[in-house]
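Engineer: Residue numbers (our numbering), protein chains in the order written: chain U, 62 to 493; chain C, 62 to 493.
Yeah, the Cβ is synthetic: ideal placement off N, Cα and C, and Gly gets one too.
2 protein chains.
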Amino acid sequence: MYDRLKGFRDFYPKEMGSRRQMFDAMEETAARYGFREIETPRLERTQMYVDKSGEEIVDELYAFTDKGGREVTLTPELTPTVARMFVDRQQALSKPVKWVSTRPFWRYEQVQQGRFREFYQTNVDIFGSSEPEADAEILAFAADTLFGLGLTADDFEFRVSHRDILSGLLSAFDADVDTRDAIRAVDKRAKVEEVEYFGLLEDAGLSAAEAQQFDDLITAGDLDAIADFGGEELAAAVDNLRDVLAAADDFGAGDVCTLSLTTARGLDYYTGVVFECFDTTGEVSRAVFGGGRYDDLIEDFGGQPTPAVGVALGDATLQLLLERAEAWPEESLTTDYYVLQVGDTRGTAARVARDLRDRGNVVETDVAGRSFGAQMGYADSINASTVVIVGEQDLANGEVTVKDMASGEQTTAPVDEFPGALDAPTYDDFTE
Amino acid sequence: MYDRLKGFRDFYPKEMGSRRQMFDAMEETAARYGFREIETPRLERTQMYVDKSGEEIVDELYAFTDKGGREVTLTPELTPTVARMFVDRQQALSKPVKWVSTRPFWRYEQVQQGRFREFYQTNVDIFGSSEPEADAEILAFAADTLFGLGLTADDFEFRVSHRDILSGLLSAFDADVDTRDAIRAVDKRAKVEEVEYFGLLEDAGLSAAEAQQFDDLITAGDLDAIADFGGEELAAAVDNLRDVLAAADDFGAGDVCTLSLTTARGLDYYTGVVFECFDTTGEVSRAVFGGGRYDDLIEDFGGQPTPAVGVALGDATLQLLLERAEAWPEESLTTDYYVLQVGDTRGTAARVARDLRDRGNVVETDVAGRSFGAQMGYADSINASTVVIVGEQDLANGEVTVKDMASGEQTTAPVDEFPGALDAPTYDDFTE
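#1: Roughly how many angstroms separate the alpha carbons of histidine 223 (chain C) and leucine 306 (chain C), rounded to a whole number?
#2: Which stretch, first to last residue, makes up the alpha helix (DSSP H) that contains lysine 75 (chain C)?
#3: Taking proline 137 (chain U) as the query, report the chain C residues whose CB atoms sit under 8 Å from its CB, ordered along the chain.
#4: Just to confirm, are phenylalanine 188 (chain U) and isoleucine 359 (chain U) a CB contact at a threshold of 8 Å?
#5: Count the other CB atoms, across all protein chains shown, that sit within 10 Å of the CB of arginine 150 (chain C); report buried if there are 16 or more and exposed otherwise.
#6: In chain order, which beta strand (DSSP E) runs of at least 3 residues are fully inside the stretch 146–173 of chain U?
#7: Following the continuous alpha helix (DSSP H) through glutamine 108 (chain U), name the residue where it begins and the one where it ends.
#8: Cβ closer than 7 Å: which chain C residues qualify as neighbours of valine 428 (chain U)?
#9: Using a Cβ-Cβ cutoff of 8 Å, what residues of the stretch 113–132 of chain U are near chain C? List them in chain order.
#10: Quick one: complete beta strand (DSSP E) runs, 3+ long, within the stretch 199–267 of chain C?
#11: Check distances from the C-beta atoms of the stretch 95–112 of chain U to those of chain C and list, in chain order, the residues that come in under 8 Å.
#12: DSSP state of phenylalanine 177 (chain U), grouped into three classes?
#13: For a test of the three-state rule: what should DSSP assign to proline 137 (chain C), helix, strand or coil?
#14: According to a CB-to-CB cut-off of less than 8 Å, which residues of the stretch 395–408 of chain C neighbour chain U?
#15: Starting from valine 305 (chain C), find everything on chain U with Cβ-Cβ shorter than 9 Å and list it in chain order.
#16: For glutamate 179 (chain C), decide whether its Cβ has a neighbour in chain U, counting only Cβ atoms nearer than 8 Å.
#17: Please report the straight-line C-alpha distance between threonine 134 (chain U) and glutamine 108 (chain U), rounded to a whole angstrom.
#18: Counting only beta-carbon atoms, is alanine 92 (chain U) nearer than 8 Å to chain C?
#19: DSSP state of asparagine 301 (chain C), grouped into three classes?
#20: Taking Cβ to Cβ, would you say threonine 142 (chain U) is nearer than 8 Å to glutamate 105 (chain U)?
#21: Just mark aspartate 427 (chain U) as buried or exposed, buried being the case when its beta carbon has 16 or more other beta carbons within 10 Å.
#22: Is the separation between the beta-carbon of glycine 343 (chain C) and that of glycine 371 (chain C) shorter than 8 Å?
#23: Can you tell me the Cα-Cα spacing of phenylalanine 72 (chain C) and methionine 146 (chain C), whole angstroms?
#24: What first and last residue would you give for the beta strand (DSSP E) that runs through isoleucine 450 (chain U)?
#25: Taking only the alpha-carbon atoms, compute the straight-line gap between threonine 101 (chain U) and arginine 70 (chain C) and give it to the nearest angstrom.
#26: Less than 8 Å separating the beta-carbons of valine 413 (chain C) and phenylalanine 479 (chain C)?
#27: In angstroms, rounded to a whole number, what distance separates the CA positions of leucine 231 (chain U) and alanine 286 (chain U)?
#28: According to DSSP, simplified to helix, strand and coil, what is alanine 314 (chain C)?
#29: Could you tell me if glutamate 368 (chain U) is buried or exposed, where buried requires 16 or more neighbouring beta carbons within 10 angstroms of its beta carbon?
#30: Residues of chain U with CB closer than 8 Å to the CB of asparagine 422 (chain C), please, in chain order.
#31: Can you tell me where the beta strand (DSSP E) holding valine 463 (chain C) begins and where it ends?
#32: In its own chain, which residues sit with a C-beta less than 7 Å from the C-beta of arginine 65 (chain U), not counting the 5 before and 5 after it?
#33: How about proline 486 (chain U): is its C-beta nearer than 8 Å to some C-beta of chain C?
#34: Helix, strand or coil: how does DSSP classify glutamine 273 (chain C) here?
#35: Assign serine 228 (chain C) to one of two classes, buried (16 or more other C-beta atoms within 10 Å of its C-beta) or exposed (fewer than that).
#36: What do you get for glycine 95 (chain C), buried or exposed, if any count of 16 or more other CB atoms within 10 angstroms of its CB means buried?
If you want it as C-alpha cells, here you go:
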C-alpha cells in the first residue's frame, strides 16, 4: 500500500544482525582506543553546508524550510556538526578530544551499488593534536576495526597521501596554479579518461608539460625527489608524511599502509595526510572509506585554531568489502531457549523463562496460544538451540523435557533444578 | 558561529555515557525477550501520516517536498513504518513477529521540559498474536527494563486500561456517541479543568448526566459493575483486561500494574489494552511512556488482518524518572589505562597499549607530543584507573612504572611482563 522511498532501506532482523556485528566491531574498537561516544542532531542549518562547500551543494542535500521559516538540512556528513560542537565547548574540553559516533546521513544523489540516499557512517575524530601520532592513531583504529571483522592485511590497503605535498608540488611548478582544482583533478584521476584528467590539470593552470611532469612525480612517489623539487614547506610535508607512516608502523598499521600520492580525497577541507582504504583484489572498485587531516576547519567555524584528523567508515562499501572477503557475518537469528507450553502450564513456563533471562539468555515462550506443532515450528524458525517443554504430564512428575534442537535428542530434567544453579542448562547437563 | 536548532540536542561524551547505559538496558532486556533488532528509514511519504491521522497532522511534522517532487516527512513515530514493513513481507515472516529498535524521531512542537523536536525512542512490538500473553509480554518487558535500570516497584506504576471497555461503556449509554472524541476527552481528563473535560464528553454526544455516570464508572473501576452495564462485547473486553492482568502477574509485572480506566492514550489507533507508566511520587507529572494494542492498523495498511501490541519508551521522560529515583547513571568517563610516554619510548608504549587493548581494555596513550605533566593531567581528565609510565630511564632497566590513580601509589613492573599473562594488570599485581 505504501512504498519505501528510493535510496532508503528497511533492515529486517537477520540482515540487521549482521549489520549490528559490523557496527559493534567498529564501536568496540573505537572504545578500546578511548574514543568517546557523542550523539548529534540530524538536522542542522543549511548555511553551515553552503559556507563550507558553496551554494551548489544544496542540490545534493535534503534541504528545506521548517515550519518556523528556518533553512534546514538533513545532515549529509558529521564533520561540520562536530566542528560546531567542538567550537561550542572549546574552552571546557580536555584536549585532545577523541569522539566517535555511528548514525545515518542523507544525500540526494543517484542510487547505485553501495550508494544510497540514506547511508550509515561511523565517524572517528581527534581534535587538538597536529602530531603524526594522531594521524597514525586514526589509521591504526581503522586497521584494527577491519582486523576485528576478520579481515587480514592481504584483504585491504590504506593508500596514504598528503595534501600539502600535492599543493606544494603544484605551487613549485607555478605559484598561480589553482591547487584546489588541481587536487580535485587528482581525485578524479582513476575515475576519468586520461585526456580529461590532463585537461583538468591544464584548466587548473599547469602547462601540458608541467601536468605530465607532475603526474610522473606523484605516480613514481619518490619522496626524496619530491622534497628536492620544492622549497621548505614541501620538504616539511614530505617529512610529516614519513613521520605518520613511521608512527603507523609503531601502532601496528604499517603492513596495510601504502604510499600513494595519486590519492587526493574529494573534500576540499583536508589539509595534511589523507588516505583511502581499497580492496586489494580490486573487486570492490571504489574506495571503501577514507579520512585525513583538516587543520583549518575549527578556525573556519569560529573556533581557536585547532588541528584535527578523522575517518568515516560507511556501511555500504564496508559490507561490499566484507562480502568479497567472505567475512560478512552470517545473516541468521540466534535464540538460546524456546520454552514450549503444553496445556495449562503458563505459570511454570513463565517462571522458567524468567529465570533463564535473568541469567542473560535469549528466551522466547508462547504468547500466541498455539499448538505443540506450531510452537515447535516457531522455535525452529528462530533457530532456538534448546527447547524446554513444559507439559502438564511432565509437571505432574516434577519434570520438564529438554530438547537439543541440533541433534533432536531429548531428556527430562527436574523442574525445580531448571535452570537451578546452571547459567545455561542444555540437554547434556541432564544425561549421563 | 553556527547555532544548534531549537529543540535539538548535542550529547557530549559524559552525558552520552549515561544515555548509552539507559539505551543498553532497554536493548539488552528486549534481546533477552527475543525481540529482534530492525533498522528503519528516517524519511517516509507524508501521505502515510495524513491517511492515519488526517491532514491537520502535517502542521506538527517536519514535512517537505524532496528534490524529486515527493512529499516526504521526517518520521514522527515508528508504528506506521513497522506496519509498512510488516505488510511488505507478511507472508514470509514467521509469526509472531517481535521487533525492537532505538532511534530518533521528529515533531515540530513546542519545546518544554522533557519534550524536544528531536527525541529518541525504543520501540518494541509484537505482530500476530491477539492473546493476552502478548499484551502481558509487552508489560513485562517494560517492567524488566525499568528494574534493570535500578528502579523498584515503588518507583513506578503501569496504569492499565482498555479501549474496548471505554468505547463499550460509551456505546451502552448511547449508540450514537462519537467514541473517538469521547476517548480523546478521557485522555485529557487529568490535563484540563473538570468543566472542560465534561464539556468534551457532552460534545461527543453524552448528556450531562450520562457524562457524570460514565466518569463515576471509569473512576471507580469496578469491573463487575462495568461488565453488567453493557452487552457481550463489553463483558468480553472486561474479561480480556482481566486475562492480561493475570498473564502480567505470571510474567512478573503484576506488582507494577494498576487498573486505571481513566487512562486512554492519545493516539486513535489503539483498540484493546492500553497503558501508561507513571512516577509513583508524581514528581514527573506526565506519563513516562505508554503503549497498547492496535489490532486494526495492519489491515488499514493493506495487510491481512493482524493483531499487534507494542510500547515506545522515550528518552527524555525516562531520564526524568531515573533522575527523580536517583537512578540516572553517573555522567563520567571511564578509562582503564593511560600509557604515558617520557622521552623516545613510542615503540614500547605503543606495544603496551596494543597488548592492553587486545585484552579488551580502554586504553589511551599520547598522540599530542606532550609533557609528563600535561599527560598526567589528561589521564586525570579521562578518569584513568591506572597510568603506565614508559620512561627512557625505566626502560633501560627493563621496567615500566605502574601508578594507581585512586591512591596515587606507584611501583615498577618488568616491561616484558606488562601485561604478560594478565588481562588487566594493576598496581596491586606488582607489589607484595
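Structural biologist: Let me lay it out:
#1: As a position in the second sequence, residue 223 (chain C) is number 162, starting the count at 1. As a position in the second sequence, residue 306 (chain C) is number 245, starting the count at 1. Those two C-alpha atoms are separated by around 11 Å.
#2: For the purposes of this step, residue 75 (chain C) is identified with residue 14 of the second sequence, where counting begins at 1. Unbroken alpha helix (DSSP H) run through lysine 75 (chain C): 74–93.
#3: By one-based count along the first sequence, residue 137 (chain U) stands at place 76. Against chain C, a Cβ distance below 8 Å from proline 137 (chain U) picks out nothing, because the smallest value is about 13 Å.
#4: Taking the first residue of the first sequence as position 1, residue 188 (chain U) is located at position 127. Taking the first residue of the first sequence as position 1, residue 359 (chain U) is located at position 298. Contact flag set, yes.
#5: For the purposes of this step, residue 150 (chain C) is taken as the residue at position 89 of the second sequence. With fewer than 16 other Cβ atoms within 10 Å, it is exposed.
#6: If we require 3 residues or more, the beta strand (DSSP E) runs fully inside the stretch 146–173 of chain U come out as 158–167.
#7: Mapped onto the first sequence, residue 108 (chain U) falls at position 47. Glutamine 108 (chain U) -> alpha helix (DSSP H) spans 107–114.
#8: Your numbering for residue 428 (chain U) matches position 367 in the first sequence. For valine 428 (chain U), the chain C residues whose Cβ falls inside 7 Å of its Cβ are Pro157, Ile187, Ser190, Glu192, Glu194, Ala195 and Glu198, in order along the chain.
#9: So the close ones are Asp120, Tyr123, Phe125, Thr126, Asp127, Lys128, Gly129 and Arg131.
#10: With a minimum length of 3 residues, the continuous beta strand (DSSP E) runs that stay inside the stretch 199–267 of chain C are 217–223.
#11: Against chain C - using a Cβ distance shorter than 8 Å - the residues of the stretch 95–112 of chain U are Gly95, Arg97, Glu98, Ile99, Glu100, Thr101, Pro102, Arg103, Leu104, Glu105, Arg106, Gln108 and Met109.
#12: Translated into the one-based positions of the first sequence, residue 177 (chain U) becomes position 116. Looking at phenylalanine 177 (chain U) - three-state DSSP - the assignment turns out to be coil, as it is neither helix nor strand.
#13: Against the second sequence, residue 137 (chain C) aligns to sequence position 76. Coil, per DSSP.
#14: Under the 8 Å Cβ criterion, the stretch 395–408 of chain C contributes Thr396, Arg407 and Gly408.
#15: Taking the second sequence and counting its residues from 1, the one referred to as residue 305 (chain C) is at position 244. Against chain U, a Cβ distance below 9 Å from valine 305 (chain C) picks out nothing, because the smallest value is about 11 Å.
#16: Translated into positions along the second sequence, residue 179 (chain C) becomes position 118. So, interface residue.
#17: Numbered from 1 along the first sequence, position 73 holds the residue referred to as residue 134 (chain U). Numbered from 1 along the first sequence, position 47 holds the residue referred to as residue 108 (chain U). Approximately 9 Å between the Cα atoms of the pair.
#18: As a working mapping, residue 92 (chain U) is identified with position 31 in the first sequence. With respect to chain C, the C-beta atom of alanine 92 (chain U) has a partner C-beta closer than 8 Å.
#19: To locate residue 301 (chain C), count along the second sequence from 1; it is residue 240. Asparagine 301 (chain C) falls in the helix class under three-state DSSP.
#20: The residue you call residue 142 (chain U) lines up with position 81 of the first sequence. The residue you call residue 105 (chain U) lines up with position 44 of the first sequence. Going by C-beta atoms, threonine 142 (chain U) is nearer than 8 Å to glutamate 105 (chain U).
#21: On the first sequence, position 366 is the one that residue 427 (chain U) refers to. Within a 10 Å sphere around the beta-carbon of aspartate 427 (chain U) sit 16 or more other beta-carbons, which makes this residue buried.
#22: Here residue 343 (chain C) is taken as the residue at index 282 of the second sequence, counted from 1. Here residue 371 (chain C) is taken as the residue at index 310 of the second sequence, counted from 1. The Cβ atoms of glycine 343 (chain C) and glycine 371 (chain C) lie no closer than 8 Å to each other.
#23: Here residue 72 (chain C) is taken as the residue at index 11 of the second sequence, counted from 1. Here residue 146 (chain C) is taken as the residue at index 85 of the second sequence, counted from 1. Spanning the alpha carbons of phenylalanine 72 (chain C) and methionine 146 (chain C) requires a straight line of approximately 30 Å.
#24: Position 389 of the first sequence holds residue 450 (chain U). Segment 445–452, the beta strand (DSSP E) holding isoleucine 450 (chain U).
#25: For the purposes of this step, residue 101 (chain U) is taken as the residue at position 40 of the first sequence. For the purposes of this step, residue 70 (chain C) is taken as the residue at position 9 of the second sequence. Within the model, the alpha-carbon separation for threonine 101 (chain U) versus arginine 70 (chain C) is close to 7 Å.
#26: In the second sequence, counting from the first residue as 1, residue 413 (chain C) sits at position 352. In the second sequence, counting from the first residue as 1, residue 479 (chain C) sits at position 418. The Cβ atoms of valine 413 (chain C) and phenylalanine 479 (chain C) sit closer than 8 Å to each other.
#27: Stepping through the first sequence from its first residue, residue 231 (chain U) is reached at position 170. Stepping through the first sequence from its first residue, residue 286 (chain U) is reached at position 225. Straight-line measurement puts the Cα of alanine 286 (chain U) at about 14 Å from the Cα of leucine 231 (chain U).
#28: By one-based count along the second sequence, residue 314 (chain C) stands at place 253. Correct three-state label for alanine 314 (chain C): coil.
#29: Position 307 of the first sequence holds residue 368 (chain U). It should be noted that the sequence gives proline, not glutamate, for residue 368 (chain U). Under this definition proline 368 (chain U) is a buried residue.
#30: For the purposes of this step, residue 422 (chain C) is taken as residue 361 along the second sequence, with counting starting at 1. Ordered by position in chain U, the residues that pass the 8 Å Cβ test against asparagine 422 (chain C) are Arg93.
#31: Walking along the second sequence from the start, residue 463 (chain C) turns up at place 402. 460–465 is the span of the beta strand (DSSP E), which, as asked, contains valine 463 (chain C).
#32: Position 4 of the first sequence, counting from 1, holds the residue named residue 65 (chain U). Excluding its 5 nearest sequence neighbours in each direction, arginine 65 (chain U) has C-beta neighbours in its own chain below 7 Å: Asp71, listed in chain order.
#33: Position 425 of the first sequence holds residue 486 (chain U). Closer than 8 Å: no.
#34: Within the second sequence, numbered from 1, the residue matching residue 273 (chain C) stands at position 212. The answer is helix: DSSP assigns glutamine 273 (chain C) an H, G or I state.
#35: Counted from its first residue, the second sequence places residue 228 (chain C) at position 167. Buried is the call here.
#36: Taking the second sequence and counting its residues from 1, the one referred to as residue 95 (chain C) is at position 34. So glycine 95 (chain C) ends up on the buried side.
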